[in-house]
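Asker: Below you will find the structure I want to go over with you.
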Ligand SMILES: [Zn+2]
C-alpha cells in the first residue's frame, strides 16, 4: 500500500512556486506520503528534473505526468515522460494515454477548465474526485460522475504553492513501483483522502 499525491505543479508550470527540490524534500520528510505525480501545465520538463533529484532517495517515487490544456478542459496523463502530439483534443490525449499504458484522468471536472459532463463521451481511465483546490460541491459532483461512468476516483492536491502539497492523496494497493501503481489505478484499487474525511470506492 502506498499513498500518493497525484496532482502537483512545479515551477515548470507558469503559475506555481513549488521548486522540484521542495517537493522532493516534502516527500522525504513526510511520514506516509512517499509518492507524487508531477503534472505541470503542458510540459514534462518539471517531472524530468524532479525525478532526477528524487533518484537519490530510494524510499520516495515521482510518477511522471502532465496536465494538458485542451479547449474543452484539462486532462491529467499519469505515466508519461513524453508530450502528446498537437493538436491537443480530448480524444487525441485519451488515445495517446491508452496507447502508452498511461492513465488518463479527468482533472477537476466541475471547476473552471474542467470537462464536466463532456467526459462521459470519452474512454478515460479515472476521474479526479478529490482535488485539493476544488470546492466540496465540485468534488461531490466529480464523485457522482465517477459512479455514473463506473470509473475509479483519484485524489491530488493540485498544489501550486508549497503549503498545499499533500493536502489530498490517493491510497493505492501497490508497492513503490510506477507500473504497479498505474495498473492498480486502472483497476480501481484506490481510496481517496484529504484532511478530515475519506471516501472509499
Ligand atoms: Zn492542475
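In our numbering, the protein residues as written are 22 to 222. Just so it is clear, CB atoms sit at the ideal spot from N, CA and C, and this is done for glycine as well. Fair warning: this is a prediction, and the values are worked out from it, not measured in the lab.
Starting from the N-terminal side, write out each stretch of the alpha helix (DSSP H) that is 4 residues or longer and does not extend beyond the region 100-186.
Answerer: List check, alpha helix (DSSP H) in window: 111-120 and 157-170.
Asker: By Cβ distance below 6 Å, which residues in the same chain neighbour residue 64 in space, the five residues on each side in sequence not counted?
Answerer: Within the chain shown, the letter at position 43 stands for residue 64. Same-chain partners within the cutoff: 33.
Asker: Please classify residue 86: does DSSP put it in a helix, a strand, or coil?
Answerer: Numbered from 1 along the chain shown, position 65 holds the residue referred to as residue 86. Here residue 86 sits in strand by DSSP.
Asker: Using the C-alpha atoms, what's the distance from residue 62 back to residue 31?
Answerer: As a working mapping, residue 31 is identified with position 10 in the chain shown. As a working mapping, residue 62 is identified with position 41 in the chain shown. Going from the Cα of residue 31 to the Cα of residue 62 covers about 9 Å.
Asker: So if DSSP puts residue 62 in a beta bridge, which residue, or which two residues, is it bridged to?
Answerer: Here residue 62 is taken as the residue at index 41 of the chain shown, counted from 1. Looking at the DSSP assignment, residue 62 forms a beta bridge with 88.
Asker: Below 7 Å, is the gap between the Cβ of residue 103 and the nearest heavy atom of ligand 1?
Answerer: In the chain shown, the residue the question calls residue 103 occupies position 82. No.
Asker: Enumerate, from N- to C-terminal direction, the unbroken beta strand (DSSP E) stretches of 3 or more residues contained entirely within the region 30-54.
Answerer: Counting whole runs of 3 or more residues, the region 30-54 contains no beta strand (DSSP E) stretch at all.
Asker: Please list the terminal residues of the continuous alpha helix (DSSP H) segment that includes residue 205.
Answerer: Residue numbering aside, residue 205 sits at position 184 when the chain shown is read from its first letter. Unbroken alpha helix (DSSP H) run through residue 205: 199-208.
Asker: For residue 35, count neighbouring Cβ atoms within 10 angstroms of its own Cβ and tell me buried if that reaches 16, exposed if not.
Answerer: Your numbering for residue 35 matches position 14 in the chain shown. Answer is exposed; the Cβ neighbour count stays below 16.
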